[in-house]
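Peer 1: In my numbering, the protein residues as written are 127 to 377. Glycine included, C-beta positions come from ideal geometry on N, C-alpha and C. The structure presented is a predicted model; accordingly, all values stated were derived computationally and were not measured. To start, I am sharing the structure in question, which I have written as structure tokens.
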Amino acid sequence: MINDKIKEKIVLALDVEDIKEAKTLVDSLYPYVETFKVGLQLYTKYGNEVIDYILGKNSNFFLDIKLHDIPNTVEKASENVVLRGANFFNVHATGGFKMMEAARSGAIKAFEKLNKNFEENPPVILAVTMLTSISQEVMDGEFEIKTDVSEFAIRLAKLSKKAGMSGVVASSLEAKRIKEACGADFKVLCPGIRPAWSSKDDQKRAATPKFAIEQGADYLVIGRAVTKPAEGLSPIDAMKKIYDEIGEIEC
Ligand code: C5P
127 MINDKIKEKI VLALDVEDIK EAKTLVDSLY PYVETFKVGL QLYTKYGNEV
177 IDYILGKNSN FFLDIKLHDI PNTVEKASEN VVLRGANFFN VHATGGFKMM
227 EAARSGAIKA FEKLNKNFEE NPPVILAVTM LTSISQEVMD GEFEIKTDVS
277 EFAIRLAKLS KKAGMSGVVA SSLEAKRIKE ACGADFKVLC PGIRPAWSSK
327 DDQKRAATPK FAIEQGADYL VIGRAVTKPA EGLSPIDAMK KIYDEIGEIE
377 C
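The following block contains the structure:
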């Protein structure tokens, strides 16, 4: 029996080069995964094919497109993203309040066209506060913004909430502070998830699934820990181990 409470938190990052590999992962993992995340790598190569495959399994589709443009363009693009079937998508909070409002307005327009009730089951629109590649050195040296990078991320999370975003993408190490600043209903999606038994790869601030949930994560982005699992494990084995680990705590 699959624990639905765990399943609804799992977002699988389909960061692969080849459509066949993506389809094989979807085929084997969809019973365990509520949402498949398609990033720019796969989307720019296989766009509609991969989207239709995911939607064909009745799974949620997250387009990790990180929109960042003038409000009018973002509104139109968001409308198209939702019309195309995305249940989750994201924007950069640094695009500003009006741009984030425009993303929401585009999603509402798509729902009107689809004759769907936005209030009942709205798409999850997430804001990326600061890319993890933007370090304090980049803030100080390149942008000449003399602000603490994690303070800035919290400020952007608050702005995202005001602009009607569903939540933010953030490290598990910041999830608690974001919930405190923005409220329990404001969603936090955490990448950089690594069970203790898996390789950290290039994630510098990785956290276990259990830790992330304890810190308040609503969604866990799981990528290579499952898609490129440790020696001797299949993706399903790795996913089951993650379920077992999360199952030990209340969620
Ligand atoms: O394979 P891994 O679990 O490291 O994949 C993490 C996923 O989360 C990737 O799709 C990556 O683009 C995304 N992500 C991240 N760090 C962020 C934001 C997104 O790793 N700060």
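Round the Cβ separation of Val217 and Ala236 to the nearest angstrom and send it over; I've been treating them as touching at under 8 Å.
Peer 2: Wrong, their Cβ atoms sit about 15 Å apart, outside the cutoff.
Peer 1: Along the chain, where does the alpha helix (DSSP H) that runs through Leu299 open and close?
Peer 2: Run containing Leu299: 298 to 308, per the alpha helix (DSSP H) assignment.
Peer 1: Spell out a yes or no on whether the stretch 160 to 174 and the stretch 199 to 207 are touching, meaning 3 or more CB-CB pairs, one atom from each, closer than 8 Å.
Peer 2: Judged by Cβ distances under 8 Å, the stretch 160 to 174 makes no contact with the stretch 199 to 207, as fewer than three pairs qualify.
Peer 1: Please classify Phe215 as buried or exposed, where buried requires at least 16 other C-beta atoms within 10 Å of its C-beta.
Peer 2: Phe215 should be labelled buried.
Peer 1: Have a look at Gly309 and Tyr156 and give me their C-alpha separation to the nearest angstrom.
Peer 2: In a straight line, the C-alpha of Gly309 is about 31 Å away from that of Tyr156.
Peer 1: When you compare the CB positions of Leu257 and Val294, do they come within less than 8 Å of one another, or not?
Peer 2: No, the pair does not count as a contact, with Cβ atoms beyond the cut-off.
Peer 1: Helix, strand or coil: which one does DSSP assign to Thr334?
Peer 2: It is coil, neither helix nor strand.
Peer 1: Near Ile322, which residues of its chain fall below 7 Å by C-beta distance, leaving aside the five closest residues on each side in sequence?
Peer 2: The question names Ile, yet the displayed sequence has Ala at residue 322. Same-chain partners within the cutoff: Thr334.
Peer 1: In its own chain, which residues sit with a C-beta less than 6 Å from the C-beta of Val352, not counting the 5 before and 5 after it?
Peer 2: The residues are Pro361, Ala364, Met365.
Peer 1: Taking 7 Å as the cut-off, does the CB of Ala283 come closer than this to any heavy atom belonging to the ligand C5P?
Peer 2: No, the ligand C5P has no heavy atom inside 7 Å of this Cβ.
Peer 1: List the whole-angstrom C-beta distance separating Ile132 from Ile372, where the pair is believed to meet the contact cut-off of C-beta under 8 Å.
Peer 2: Contact flag correct, Cβ pair sits at about 5 Å.
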